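A short worksheet on the structure shown next.
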Amino acid sequence: MPSSWRIHLLTLCSARVIFIPLFMLCNLQPRYHLPVIFDSDIYYISFITLLGFTNGYFIAVAMVMGIKSVNPLLQEMAGVVLSAFLGGGLMLGAFSSYVSIK
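Count the sequence shown with the numbering used here and you get residues 20 to 121, in order.
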């Protein structure tokens with residue numbers, strides 16, 4: 020199995036940062052400083068859909084390739100560890116968003 024998948028996956032995941040300025044330029048309220056470039060809600064819905072699709076796809080690829088990259092005897096344990104870290108990351112993200120809103 021080529022090891023370049025890690026570099027490609029990291030590059031593609033990092034490229035998702037482009038969604039941040041796209042969301043900032045959508046027609047979201049309240050508006051204080053930035054102009055509205057994407058005035059229709061279809062842009063916001065499209066960006067959210069693409070963000071969700073890429074999130075699910077890249078997580079699935081990382082889980083499958085992560086399990087396949089270890090010794091066959093350790094694949095079950097690798098799946099457990101990857102799932103635990105995924106759950107922990109989701110919990111940390113949910114908690115941090117709750118704290119940042121307060």
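The C-beta atom is built at its ideal place from N, Cα and C for all residues, glycine as well.
Remember, it's a predicted structure, so these values are computed and weren't measured experimentally.
The alpha helix (DSSP H) with residue i in it runs from where to where?
i: VAL80; result: 60–87
i: ILE26; result: 23–34
i: LEU105; result: 94–120
State the beta-bridge partners of residue i as determined by DSSP.
i: CYS45; result: PHE57
Tell me whether the beta-carbon of residue i lies closer than 7 angstroms to the beta-carbon of residue j.
i: MET82; j: LEU53; result: no
i: ARG35; j: THR73; result: yes
i: ILE86; j: GLY98; result: yes
i: PHE104; j: PHE66; result: no
i: ILE56; j: LEU44; result: yes
Could you give the C-beta distance for residue i and residue j, rounded to a whole number, given that I count them as a contact under 8 angstroms?
i: LEU28; j: VAL80; result: 6 angstroms
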